[in-house]
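Worksheet: the structure to be examined is printed underneath.
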Amino acid sequence: MTCPIDRIVQSDEADILALNNEHAAELSWLEADRLSFLLGEAFYARRIGDLEAFIMTFDQEANYDSPNFLWFCERYERFIYVDRVVVAAHARGRGHARRLYQDLFEHAERAGHTLVTCEVNADPPNPASDAFHAALGFTEVGDAVIHGGKKAVRYYVKQIVG
Numbered sequence: 011m012t013c014p015i016d017r018i019v020q021s022d023e024a025d026i027l028a029l030n031n032e033h034a035a036e037l038s039w040l041e042a043d044r045l046s047f048l049l050g051e052a053f054y055a056r057r058i059g060d061l062e063a064f065i066m067t068f069d070q071e072a073n074y075d076s077p078n079f080l081w082f083c084e085r086y087e088r089f090i091y092v093d094r095v096v097v098a099a100h101a102r103g104r105g106h107a108r109r110l111y112q113d114l115f116e117h118a119e120r121a122g123h124t125l126v127t128c129e130v131n132a133d134p135p136n137p138a139s140d141a142f143h144a145a146l147g148f149t150e151v152g153d154a155v156i157h158g159g160k161k162a163v164r165y166y167v168k169q170i171v172g
């Protein structure tokens, strides 16, 4: 049986925050008020099941100060930026991330978007994420060193039918 993909609601926020912060090295640490703010800015924020996975994305109009988001703002007029995708350890290998991305692509296309963007850590490396995004059809378009040299990232884009 496939778990449903549902909108993230306020009552999910404590669990979202805990799951996010378990993966702060790959993502970034969030405080509760920052998460609430970001969810309010999100273009698409969904969860699977009893928080087996979640995704949070922004369009180019979002009030968001992430250096990665701003990198895309400087280069693309219109896009969806995937800020974070997390799958709980007990739910890995079930295709949740792929399902969330496919649902996002459909949602973005219905909203008239043709470009989905994201970044993947280069340092510390994340080869599984690189391979996953390549399999979904993302291509690398740039890189950067951020957070005062503490992290290096690769930037990816995927064209979707529009």
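Going by this note's numbering, the sequence shown opens with residue 11, and the numbers climb by one from there.
All residues carry an ideal CB built from backbone N, CA and C; glycine is no exception.
As the structure is a prediction and not an experimental result, all values here were calculated from the model.
* To do: Give the straight-line distance between the Cα atoms of ILE18 and ARG56, rounded to the nearest whole angstrom.
  => On the sequence shown, residue 18 is found 8 positions in, with the first residue counted as 1. On the sequence shown, residue 56 is found 46 positions in, with the first residue counted as 1. Going from the Cα of ILE18 to the Cα of ARG56 covers about 5 Å.
* For the alpha helix (DSSP H) that contains ALA138, what are its first and last residues? -> Reading the sequence shown from its first residue, position 128 is the one you call residue 138. Run containing ALA138: 137-145, per the alpha helix (DSSP H) assignment.
* Asked: To which residues of the same chain is GLU226 closer than 7 Å at the C-beta, ignoring the five residues directly before and after it?
  -> This structure gives no information on residue 226, because the portion of the chain shown stretches from 11 to 172.
* **Collapsed DSSP secondary structure at ILE18 in the structure displayed** => Counting from one through the sequence shown, the residue named residue 18 turns up at place 8. If DSSP states are grouped into helix, strand and coil, ILE18 belongs with coil.
* **Same chain only: Cβ atoms within 6 Å of GLY152, ignoring 5 sequence neighbours per side** => As a working note, residue 152 is residue 142 in the sequence shown. Contacts found: TYR165.
* Asked: Under three-state DSSP, which class holds ARG56?
  -> In the sequence shown, counting from the first residue as 1, residue 56 sits at position 46. For ARG56, the three-state secondary structure derived from DSSP is strand.
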